[in-house]
Amino acid sequence: MTLIYLFMNIKKYKYVICVFPKKMISFIFFSLLNMFHYISQIEEKYGIDFSEYDQYHNDILNIFNLNKLKLNEYDLNNSNILYIIGLYYYRRNINYNKAKYYFSLAINRGNNDSTDYIISIYTQMNDYNNAEKYSLKYFIVDDPYKNMCLGLLYFEMQKYNNAEKYLLYAIQYYNGDNTYPEIYEKLAIIYELNSDFINAIKYYSLYFNKNKIETSHKLSKLYCKLNKFEEANKYYQIIIEHGQKNFSLYLELAMFYQNYNIYCADYYYLLAIKHCPNDYSIGNIYFDLATVYFKTQSYYESEKYFKLACAHNIPSVFEYLGIICLKLNDYLKAEEYFLIQINNNPTDTSYHNLGLAYLGQQNKELAKKYFLMSIELHKLNSFIELKSIFNNDLKLYIYFDNIKNKNLFINENISLLMKNKKVLIYKNKLSYSIEKNNTDYCPICFDTKISIMLNCGHTICFECFPNLDDKCYYCREHFI
1 MTLIYLFMNI KKYKYVICVF PKKMISFIFF SLLNMFHYIS QIEEKYGIDF
51 SEYDQYHNDI LNIFNLNKLK LNEYDLNNSN ILYIIGLYYY RRNINYNKAK
101 YYFSLAINRG NNDSTDYIIS IYTQMNDYNN AEKYSLKYFI VDDPYKNMCL
151 GLLYFEMQKY NNAEKYLLYA IQYYNGDNTY PEIYEKLAII YELNSDFINA
201 IKYYSLYFNK NKIETSHKLS KLYCKLNKFE EANKYYQIII EHGQKNFSLY
251 LELAMFYQNY NIYCADYYYL LAIKHCPNDY SIGNIYFDLA TVYFKTQSYY
301 ESEKYFKLAC AHNIPSVFEY LGIICLKLND YLKAEEYFLI QINNNPTDTS
351 YHNLGLAYLG QQNKELAKKY FLMSIELHKL NSFIELKSIF NNDLKLYIYF
401 DNIKNKNLFI NENISLLMKN KKVLIYKNKL SYSIEKNNTD YCPICFDTKI
451 SIMLNCGHTI CFECFPNLDD KCYYCREHFI
């Protein structure tokens, strides 16, 4: 005699209850309070629809009110009973292997309602091949729900082209209906993975009401990728207003405003620093904040955070510190920082910037040395700075021309200098060689043999020629 039967016939067996011990009575009434009295209670709790199984009303109540089934009490040749038992193990007394077993028996005996559940079980067990097998075997082309389920399965299998195909069919039926918002979410993810950001935005927007904060994160990032910062800012404002304030959000906002409105970025970087977890490399945040101050010309604040970043071995920190000192006209300190950077890890601009530091100190020889190193190492073309130091295109041309191993930068600079008429004359006058005047010495320096004849007929050596202006040293006739 079961408790259910006892309480359904309480009047007939009231004398039995009277002789029960108090503890047993308490247990019985507790069980009575927790049992299902109506099918609707089961449907509401477990999300099951039994509307097509009214004739099995008592069987459903009996099965779902038991903690352990006595299978010999049920007709196991009845596909509908097998389906109900499968649901019991799927929802009530969860055991996926048993649920799968009874759903499979029910399917073999003609119960098609079991197919969606067995597909779900195989999917949850990551047995995608069997899930796909059942999905395709019982697939109905015109059924949007079947299309949706198959599309979601292919999404889990990362077969995104197939997933897109079936989800798009389902969406034709469900479009505008938020019953299954996961369709929009999965399509948005597929398009985002395929870098189709326009369609990704379209479907995330349709999914927006399901999860506003998470979707706002997605939409803001997608709009940033499209350089639509105004649109991105709208969704970041939603996150700021409704989202959970934490380190990740502050850092994300800081990086966004660094591109959108740099004057707001420092506020969020400072919040990120304040809430930075111990396992995060805070040196990178110091560096990024210092860069923001650098770009907004707040050099003293920038210097402060670059110095904090130094302790965390962030590359190129000393380079920035040196540049700040250049801007503040502290050339000695700039020299110190650039030398540290070169000794540790020179950047493409280190030698050039060190040359600027020496130029600021009026040390043209050292400036010339590092500008030329910058060019020779193919780091940065310091041609303009060298030109200002030499203040003579011909001297600079000779300087470059005497370099044995010329690289691309040097050859480019020589080509530029060849446009100068004096350089061309110098190069053309090489035809008047020492052979013709190997006994004569330069009338200016009296040291070097003559190697150039001017248009007027007067002669000069190569060393003295670059020092001439555009006129002959003797008769003052123009030779350019």
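Counting in full-length UniProt numbering, the sequence shown runs from 1 upward without gaps.
Here a beta-carbon is modelled for each residue, glycine too, at the ideal position from N, C-alpha and C.
How do the stretch 273-287 and the stretch 295-302 stand: do at least 3 beta-carbon pairs fall below 8 Å, yes or no? no
Closer than 7 Å by C-beta to Y293: which residues in its own chain qualify, once you throw out the five before and the five after it? Chain order, please. Looking up residue 293 in the sequence shown gives position 293. Contacts found: D266, E301, S302 and Y305.
Using a Cβ-Cβ cutoff of less than 7 Å, which residues in the same chain neighbour V317 once the five nearest sequence positions on both sides are dropped? Along the sequence shown, one-based indexing puts residue 317 at 317. For V317, where only same-chain residues beyond five positions count, the Cβ hits under 7 Å are F287, F306, A309 and C310.
Please report how far the alpha carbon of K379 lies from the alpha carbon of L417, in whole angstroms. Reading the sequence shown from its first residue, position 379 is the one you call residue 379. Reading the sequence shown from its first residue, position 417 is the one you call residue 417. Going by the C-alpha atoms only, they are around 20 Å apart.
Closest by CA to I314, which one among I282, E43, L332 and M255? Counted from its first residue, the sequence shown places residue 314 at position 314. Here the closest residue by C-alpha is I282.
M418, DSSP secondary structure in three states: For this step, residue 418 is matched to residue 418 along the sequence shown. Reduced to three states, the DSSP call for M418 is coil.
For the putative contact between Y250 and Y223, defined by C-beta atoms under 8 Å, what is the C-beta separation to the nearest angstrom? Your numbering for residue 250 matches position 250 in the sequence shown. Your numbering for residue 223 matches position 223 in the sequence shown. 20 Å between Cβ atoms; not a contact.
Going along the chain, which residues of its own chain have a beta-carbon closer than 6 Å to the beta-carbon of M24, five neighbours each way excluded? Counting from 1 along the sequence shown, the entry for residue 24 is found at position 24. Note on M24: pLDDT 49, under 50, position unreliable in the model; the coordinate value appears next. Answer for M24: no residue qualifies.
Since S104 is in the alpha helix (DSSP H), which residue starts that stretch and which ends it? For this step, residue 104 is matched to residue 104 along the sequence shown. Annotation: the continuous alpha helix (DSSP H) that includes S104 extends over Y96 to N108.
Does the structure place the stretch 455-466 close enough to the stretch 390-402 that three or more beta carbon pairs sit under 8 Å? yes
Distance, Cα to Cα, L356 vs Q362? For the purposes of this step, residue 356 is taken as the residue at position 356 of the sequence shown. For the purposes of this step, residue 362 is taken as the residue at position 362 of the sequence shown. C-alpha separation (whole angstroms): 10 Å.
Starting from G283, follow the alpha helix (DSSP H) in both directions and report where the run begins and ends. For the purposes of this step, residue 283 is identified with residue 283 of the sequence shown, where counting begins at 1. It spans I282 to K295 - the alpha helix (DSSP H) in which G283 sits, taken as one unbroken run.
So what does T459 bridge to, in DSSP terms? Stepping through the sequence shown from its first residue, residue 459 is reached at position 459. Answer is M453, bridged to T459.
Determine the contact status of S350 and E319, defining contact as a CB-CB distance below 8 Å. Counting from one through the sequence shown, the residue named residue 350 turns up at place 350. Counting from one through the sequence shown, the residue named residue 319 turns up at place 319. Taking 8 Å as the Cβ cut-off, S350 and E319 qualify as a contacting pair.
Euclidean distance between Cα positions of K228 and E241: In the sequence shown, the residue the question calls residue 228 occupies position 228. In the sequence shown, the residue the question calls residue 241 occupies position 241. Rounded to whole angstroms, K228 to E241 spans 21 Å at the Cα level.
Short check: CB of I85 to CB of Y56, under 8 Å? Numbered from its first residue, the sequence shown carries residue 85 at position 85. Numbered from its first residue, the sequence shown carries residue 56 at position 56. Their beta carbons are not under 8 Å apart, which means I85 does not touch Y56 by this criterion.
Take N381 and list the residues in its own chain whose beta-carbon comes closer than 8 Å to its own, dropping the five residues that flank it on each side. Position 381 of the sequence shown holds residue 381. Within the same chain, N381 has close Cβ partners S374, I375, F409, E412 and N413.
Can you tell me which of the three DSSP states K45 falls into? Numbered from 1 along the sequence shown, position 45 holds the residue referred to as residue 45. Helix, per DSSP.
DSSP-derived helix/strand/coil call for K245: The residue labelled residue 245 in the question sits at position 245 within the sequence shown. Assignment of K245 by DSSP, reduced to helix, strand and coil, places it in the coil class.
Three-state secondary structure assigned by DSSP to K404: Translated into the one-based positions of the sequence shown, residue 404 becomes position 404. Reduced to three states, the DSSP call for K404 is coil.
Inter-stretch contact at 8 Å, needing at least 3 Cβ pairs: the stretch 118-126 / the stretch 144-157: yes
Please report the residue range of the alpha helix (DSSP H) in which Y74 lies. Taking the sequence shown and counting its residues from 1, the one referred to as residue 74 is at position 74. Taken as a continuous stretch (DSSP letters only), Y74 belongs to no alpha helix (DSSP H), as it is neither H nor E.
Can you tell me the Cβ-Cβ gap for N343 and I323, rounded? I've got them flagged as a contact below 8 Å. Within the sequence shown, numbered from 1, the residue matching residue 343 stands at position 343. Within the sequence shown, numbered from 1, the residue matching residue 323 stands at position 323. No, N343 and I323 are not in contact; Cβ-Cβ is about 17 Å, not under 8 Å.
Inter-residue spacing [alpha-carbon to alpha-carbon] between D59 and I39: The residue given as residue 59 occupies position 59 in the sequence shown. The residue given as residue 39 occupies position 39 in the sequence shown. In this structure, the CA atom of D59 is about 10 Å from the CA atom of I39.
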